[in-house]
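Working notes, structure below.
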């Protein structure tokens, strides 16, 4: 009876080692492996579903295009123009300091 327990434990241990060896031999940690057909199919389906879902929320183009351009220009002048001018001024000062320091 004792011999049988030892034999069963040895067989289970050997099977676990063999299974671990098999999995380790087949496993790949390379980032260059091509995806399988299943992964490609699922990724494509998910992408199409997400695009369809996002396309439902795209706003319609404005009826008055010129008014939209004017609103965009005013938003740019209020929000972006001063910081853009400030960053250009800082870049010009830095460039001038770099050239005059040489």
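Residue numbers (my numbering): 3 to 104.
Ideal Cβ placement from N, Cα and C applies to all residues, glycine included.
Boundaries of the alpha helix (DSSP H) in which residue i is found, first to last residue
| i | result |
| --- | --- |
| residue 39 | 39 to 57 |
Under the three-state DSSP convention, the category residue i falls into
| i | result |
| --- | --- |
| residue 81 | helix |
| residue 14 | helix |
| residue 30 | coil |
| residue 19 | helix |
| residue 3 | coil |
| residue 8 | helix |
| residue 97 | helix |
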